[in-house]
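Notes to accompany the following structure.
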Amino acid sequence: MRRHLYLLVCTLLLPGVMTAAHKTDSTFRTYRKHGLHLLVSLNPILNLSKKDNPANFFYSKIPFELQYNYKRHTLGFSINGKSKKSKDSVNGLPNETKRLRLFLSPSYSYLVFQRKHWQIYSGLAYIYQYEDTFKTFKSDVEVISKHSMIKENGFSIFSRIHYRFNRKFSLALETAIYLTRTRTEFVENYPLTPSMSTHHKSPYNYRYIFFIPSNLFIRYSF
Amino acid sequence: MKKLMLSGFLMILLVVISYNCRKIPVQPDLGGVRLYLPVQTYEYNKVNTPSGVKNVFYEDSTIIDNNKATIGRVLFYDKSLSINNSVACASCHSQKNAFSDIVPFSRGFEEKQTLRNSMGISNLIEVASIGYFWDARDTMIEDMVFGPIANHIEMGFERIDLIAEKVGNLPYYRSLFQKCYGNDKITAERMRECLGQFLFSIVSYNSRFDAGLLNNFSDFTSSEKGGMTIFLDECSVCHFITDDEAFFKGWWGGGGGNTIKFANIGLDEVDADKGRNGLFKVPGLRNISKTAPYMHDGRKETLEEVIDFYSGGIKANPNLSWELGGTNGPRPIWLAGSARDELIAFLKTLDDNVLTTDKKFSSPFNP
């Protein structure tokens, strides 16, 4: 934990120290008074060829984020979801699977440091992730259903260093610490064998994840 | 006031719509499942054979109970006995294939492959003293019947203690148990007994071989007679025939397959006497031409391949059974000229078309 905090602090300060010697160019507007921005994660694109690589776990959880800034304060909102319905047949018995994934994350960040090309934001985000899988087996005699729901919520503390190419585009590198808790709920329903039906709710599982500074984003300012 | 009423109405409408949009699985009409059973129960306790009517006995030497065998027949074909209602016993033991399967490894409730080839079912009383399954791990029929149901690959009902509860909630069993036992109580013990009685009622005594026993094989062609001679000389040491009833019993044998790996170790898995890798129960040969593929893992697709294996393909193995040469190395069966074709011609006289078409062994569900 302490080592990770060191890294976070270093990531935060190092570019500032490096660029501290540079004089501020007053002719270059470091930030707009207010504006709308779109932050898009580059990691999924960079890793398209190795989707199953476990290293991909270190993606940022945020695939893209819509941001609004007022002076140094920035509010962001990220939403991502996927819904899939599939049908299959096991030994002539039809079964149907419905999957839903939802990710929500409102965030606040503050511009703590700026130079001509460099900006550093630090902030806090609330994380909510929901995964729902509903599977049914339909036979002549009963409909067996299996329903699992995974809910994850928590906070992340993050820091992003932006390198501004121009007024429109900038490249950002993020490091973050996630503190989340997860709960799994599982419901199995066997109408003909009620004793086999289960409703299980797991206790909260607390997780702490540190993302090394490897999450790359590109930001477009409208 | 009007606005208030309108708001209230909209709220109620919203609640009703959201309630109806909840995803609740719809139960199918249970009337969709219909049993087609004869008014007069089939006679499972008797079988017409070329030599006359024979009684059919259960494992404990009592005569088969027709009502119990009837329930056993329904259970045998009922997919509700698998965890997700996808497979029945009959899915892997098809009547037209002499109650075996046409693939090397059958598919279980999640379409996963089973580990061994599905054995044909007939004349179980002949092998009752040896045991059931390829490794004879169960010696009581009422233990054996729940094995595949509880198996995690085959039918997946691992909480087998709850099987009676599930069957008890199916509407079509109540009257059957009432008629058979005098009350409609459904228990696992009764289910075991009924399944066992049905399986024991599956007997095969209507082959040309059975008719030949009465007329000294006068209807046999010269090939078939030649094949029978070869069989008695070379094969009956394992697939032996008793004098009175011409039972094709099984005994232990094998060990002549792959000498390097035993992915499927056979008797060694269940026998306290270790070192029996590769040995399997010798299956009975009635209806053998209908039960392809052959061997415990279905590796041989035709009878020709099987005979070629025993006449030249056996490999040396420390566990090779003594009938096949034992530690002295493989002793292939001796076949010359047209002997292979004659042997196959004889084996086909063991086909019993009555068994594979008899309605009392067919599915009682929607035909």
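Protein chains in written order, with the numbering used here: chain S, 38 to 259; chain H, 658 to 1024.
Quick reminder that beta carbons are idealized off the backbone N, C-alpha and C, glycines included.
Candidates the options: closest to residue i by CA position
i	options	result
methionine 1026/H	Trp991/H, Phe937/H and Arg865/H	Given that chain H is displayed from residue 658 to residue 1024, the structure contains no residue 1026/H and the question cannot be resolved.
threonine 719/H	Asp792/H, Gly765/H, Glu850/H and Ala973/H	Glu850/H
tyrosine 147/S	Ser126/S, Ile194/S, Leu208/S and Leu137/S	Ile194/S
leucine 73/S	Ile99/S, Phe114/S and Pro100/S	Phe114/S
leucine 253/S	Lys238/S, Thr173/S, Leu210/S and Val224/S	Leu210/S
isoleucine 157/S	Arg197/S, Gln104/S and Leu76/S	Arg197/S
lysine 1017/H	Asp717/H, Tyr830/H, Val744/H and Lys753/H	Lys753/H
aspartate 792/H	Arg773/H, Ile810/H, His809/H and Asn780/H	Arg773/H
valine 713/H	Glu768/H, Ser832/H and Asn780/H	Asn780/H
tyrosine 701/H	Thr1006/H, Phe966/H and Gln854/H	Gln854/H
valine 149/S	Arg220/S, Lys108/S and Ser234/S	Lys108/S
alanine 1002/H	Pro805/H, Gly884/H and Ala747/H	Gly884/H
lysine 725/H	Ile887/H, Cys837/H and Glu958/H	Cys837/H
Coarse secondary structure for residue i, derived from DSSP in three states
i	result
arginine 773/H	coil
asparagine 974/H	coil
glycine 839/H	coil
alanine 793/H	coil
asparagine 872/H	coil
proline 240/S	coil
tryptophan 979/H	helix
valine 54/S	At valine 54/S, the pLDDT of 45 sits below 50, so the modelled position is not reliable; the number obtained from the coordinates is stated separately. Helix.
asparagine 780/H	coil
threonine 1013/H	helix
threonine 844/H	coil
asparagine 934/H	coil
glutamate 168/S	strand
glutamate 902/H	In this predicted model, glutamate 902/H has a pLDDT of only 48, less than 50, meaning its place in the structure is not dependable; the value taken from the coordinates is given anyway. Residue state, collapsed to three classes: coil.
isoleucine 255/S	strand
leucine 694/H	coil
serine 182/S	strand
glutamate 189/S	strand
threonine 111/S	strand
Nearest-angstrom Cα separation, counted from residue j out to residue i
i	j	result
glutamate 222/S	histidine 71/S	43 Å
isoleucine 782/H	aspartate 169/S	52 Å
aspartate 1008/H	tyrosine 862/H	10 Å
tryptophan 979/H	isoleucine 778/H	27 Å
isoleucine 249/S	alanine 807/H	48 Å
glycine 35/S	phenylalanine 140/S	With chain S running from 38 to 259 in the structure shown, residue 35/S is simply not present.
proline 940/H	alanine 949/H	13 Å
glycine 160/S	asparagine 742/H	53 Å
arginine 730/H	leucine 856/H	8 Å
valine 963/H	leucine 137/S	52 Å
alanine 81/S	phenylalanine 803/H	Alanine is not the amino acid found at residue 81/S; the sequence shown has proline there. Looking at the two C-alpha atoms, the distance is approximately 50 Å.
asparagine 944/H	histidine 750/H	13 Å
phenylalanine 766/H	tryptophan 991/H	43 Å
threonine 217/S	lysine 188/S	10 Å
glycine 969/H	proline 989/H	6 Å
leucine 732/H	valine 704/H	21 Å
isoleucine 971/H	aspartate 1015/H	38 Å
asparagine 723/H	leucine 852/H	12 Å
glycine 813/H	valine 744/H	10 Å
serine 120/S	phenylalanine 171/S	11 Å
alanine 747/H	glutamate 811/H	12 Å
tyrosine 789/H	proline 805/H	12 Å
Exposure of residue i, with buried meaning 16 or more beta-carbon neighbours within 10 Å
i	result
glutamate 179/S	buried
leucine 889/H	exposed
phenylalanine 94/S	Caution is warranted here: a pLDDT of 47 is assigned to phenylalanine 94/S, below 50, making its placement in the model unreliable, and no coordinate value can be reported.
proline 828/H	exposed
serine 879/H	exposed
arginine 256/S	buried
leucine 1012/H	buried
serine 232/S	exposed
proline 761/H	buried
alanine 973/H	exposed
threonine 173/S	buried
lysine 175/S	buried
histidine 809/H	exposed
leucine 229/S	buried
aspartate 900/H	In this prediction, aspartate 900/H scores a pLDDT of 46, lower than 50, which makes its location untrustworthy; the coordinate-derived value is nonetheless stated afterwards. Answer is exposed; the Cβ neighbour count stays below 16.
Any non-hydrogen atom of the ligand PLP closer than 7 Å to residue i Cβ
i	result
valine 178/S	In the structure shown, the ligand PLP is absent, as is every other ligand, since no ligand is present at all.
| message | Taking contact to mean 3 or more Cβ pairs, one atom from each stretch, closer than 8 Å, check whether the region 754 to 761 of chain H and the region 817 to 829 of chain H are in contact. | response | No, because fewer than three Cβ pairs between the region 754 to 761 of chain H and the region 817 to 829 of chain H fall closer than 8 Å, the two stretches do not touch.
| query | Can at least three beta-carbon pairs, one atom from the region 733 to 745 of chain H and one from the region 821 to 830 of chain H, be found at a separation below 8 Å? | reply | Touching, yes.
| So, do the region 829 to 844 of chain H and the region 794 to 805 of chain H have three or more beta carbon pairs nearer to each other than 8 Å? | Result no; under three Cβ-Cβ pairs closer than 8 Å.
| message | Taking 8 Å as the cut-off, does the region 203 to 212 of chain S touch the region 235 to 246 of chain S (at least 3 CB pairs, one atom from each stretch)? | response | At 8 Å Cβ cutoff, the stretches do not touch.
| query | Three or more beta-carbon pairs under 8 Å between the region 694 to 708 of chain H and the region 865 to 881 of chain H, yes or no? | reply | Yes, since at least three Cβ pairs between the region 694 to 708 of chain H and the region 865 to 881 of chain H fall closer than 8 Å, the two stretches touch.
| the region 987 to 995 of chain H contacting the region 949 to 956 of chain H, beta-carbon criterion three pairs below 8 Å | No, because fewer than three Cβ pairs between the region 987 to 995 of chain H and the region 949 to 956 of chain H fall closer than 8 Å, the two stretches do not touch.
| query | When Cβ atoms are compared, which residues of the region 164 to 178 of chain S fall closer than 8 Å to chain C? | reply | Absent here is chain C; the protein component of the structure consists of chains S and H.
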